[in-house]
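Numbering (my numbering), first residue to last: 8 to 114.
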């Protein structure tokens, strides 16, 4: 009887340590997600949407197929709009330092 109680206590201690390790791992993942959201918000949000779609695919396959169809149609419609002509940048070749007033290159 004493041996069973000792085994039960050891098993409880092992499970408590395992639970603490899992909680620490979860806190680390949440902190990494926060850092990723701050440094690369677009990539992180795309990753979270991807994970949500994977979860939806596992839980509700029909809803996943409908959502995927809506996303594909929306992306096709967004890419079919005519693009605006590119604007000239400040470093465009037509602008030279000699054309600037007050510049040392002007003689």
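Note that beta-carbon positions come from the ideal geometry of N, C-alpha and C, so glycine has one too.
Supposed contact pair residue j and residue i - C-beta distance, whole angstroms, cut 8 angstroms
{"i": "residue 63", "j": "residue 74", "result": "6 angstroms"}
{"i": "residue 58", "j": "residue 51", "result": "The Cβ separation is near 11 angstroms, so there is no contact."}
Residues of its chain near residue i, where Cβ-Cβ distance is below 8 angstroms and the 5 sequence neighbours each way are ignored
{"i": "residue 94", "result": "none"}
{"i": "residue 20", "result": "none"}
Contacting residues, own chain, Cβ-Cβ under 6 angstroms from residue i (five flanking each side not counted)
{"i": "residue 26", "result": "none"}
Cutoff 7 angstroms; reference residue i; Cβ partners in own chain excluding five residues on either side
{"i": "residue 28", "result": "none"}
{"i": "residue 89", "result": "none"}
{"i": "residue 12", "result": "none"}
Selection from the options that minimises the alpha carbon distance to residue i
{"i": "residue 71", "options": "56, 82, 83, 85", "result": "56"}
Restricting to runs no shorter than 4 residues, where is the alpha helix (DSSP H) found entirely within the segment 33-87? Every alpha helix (DSSP H) stretch that sits fully inside the segment 33-87 and reaches 4 residues is listed by chain position as 48-66, 68-87.
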